[in-house]
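Notes for the one structure printed next.
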Amino acid sequence: MNIRIGNGFDIHRLAAGRKLFLGGVEIPSEFGLDGHSDADALLHALCDSLLGALALGDIGLHFPNTDERYRGIDSKKLLNQVYSLVKEKGYRLVNADIMVICERPKLLPYIQQMRETIAGLLECGTDRISVKATTNEKLGSLGRGEGIAVYAVSLLEQVG
Ligand code: MG
2 MNIRIGNGFD IHRLAAGRKL FLGGVEIPSE FGLDGHSDAD ALLHALCDSL LGALALGDIG
62 LHFPNTDERY RGIDSKKLLN QVYSLVKEKG YRLVNADIMV ICERPKLLPY IQQMRETIAG
122 LLECGTDRIS VKATTNEKLG SLGRGEGIAV YAVSLLEQVG
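In this note's numbering, the protein residues as written are 2 to 161.
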């Protein structure tokens, strides 16, 4: 089998007094995502899609939130470790498609920087990294802006 697909999902609550990180980019906002690490739900969903493609478990298994080593950690480091594992298994990314559900702030001004950051970490062109954003049309908890959710799909191919 030389191609593998994986999906990932993550959701974090928004909280006052936290910085907002999404896709490895710090976004000016009065609220940030709450969590053990820097709470970058986008990179977490992406990590889970990469791990899922190779049936390597999930982010909670690799980086337990009970482990003090991961407190406040930059999630770019987690993605870097996950992608090292992917390469160790003899695979590389074909493309990733990421969908962020976020009522506020508006993400459009930051999408290109997220794509470039992720492409750098996954050693590919930005044309292989899609980041999209939508609102939840004010429906439910996401619609009230209580949190941000992210879905990710990654396709991997065997190298050589
Ligand atoms: Mg998370």
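Using N, Cα and C, we set each Cβ at its ideal position, and we do this for glycine too.
- In the displayed model, I119 falls within a helix according to three-state DSSP.
- Counting only unbroken stretches of 3 or more residues, the beta strand (DSSP E) elements lying wholly within the segment 104 to 153 are 130 to 135, in sequence order.
- Within the model, the alpha-carbon separation for A46 versus Y152 is close to 6 Å.
- Using a Cβ distance threshold of 8 Å, L44 and G73 do not count as a contacting pair.
- The set of residues with a C-beta under 6 Å from any non-hydrogen atom of the ligand MG comprises D11, H13, G36, A42, H45, given in chain order.
- Distances from the CA of E124 to each of N137, L94, K77 were compared; the closest alpha carbon is that of L94.
- Boundaries for I60: no beta strand (DSSP E) harbours it, while the alpha helix (DSSP H) harbouring it runs 60 to 63, taken from the DSSP string.
- Here H13 has L34, D35, G36, A40, A42, G148, I149 as same chain residues with Cβ atoms under 7 Å from its own Cβ, once five neighbours each way along the sequence are excluded.
- Cβ atoms of S38 and L79 come within 8 Å of each other, at about 7 Å.
- Here the alpha carbons of F22 and I28 stand approximately 6 Å from one another.
- The C-beta distance from V154 to S30 rounds to 26 Å, too long to meet the 8 Å contact threshold.
- Where E89 is concerned, the enclosing alpha helix (DSSP H) starts and stops at 76 to 89.
- Look at H13 here: in three-state DSSP terms it is strand.
- For L122, the CB contacts under 8 Å within the same chain, skipping 5 residues up- and downstream, are G25, K77, L80, N81, Y84 in chain order.
- Within the same chain, G148 come within 8 Å of S142 by CB-CB distance, once the 5 residues on both sides are set aside.
- By the neighbour-count criterion, in which a residue is buried when 16 or more other Cβ atoms sit within 10 angstroms of its Cβ, V160 is exposed.
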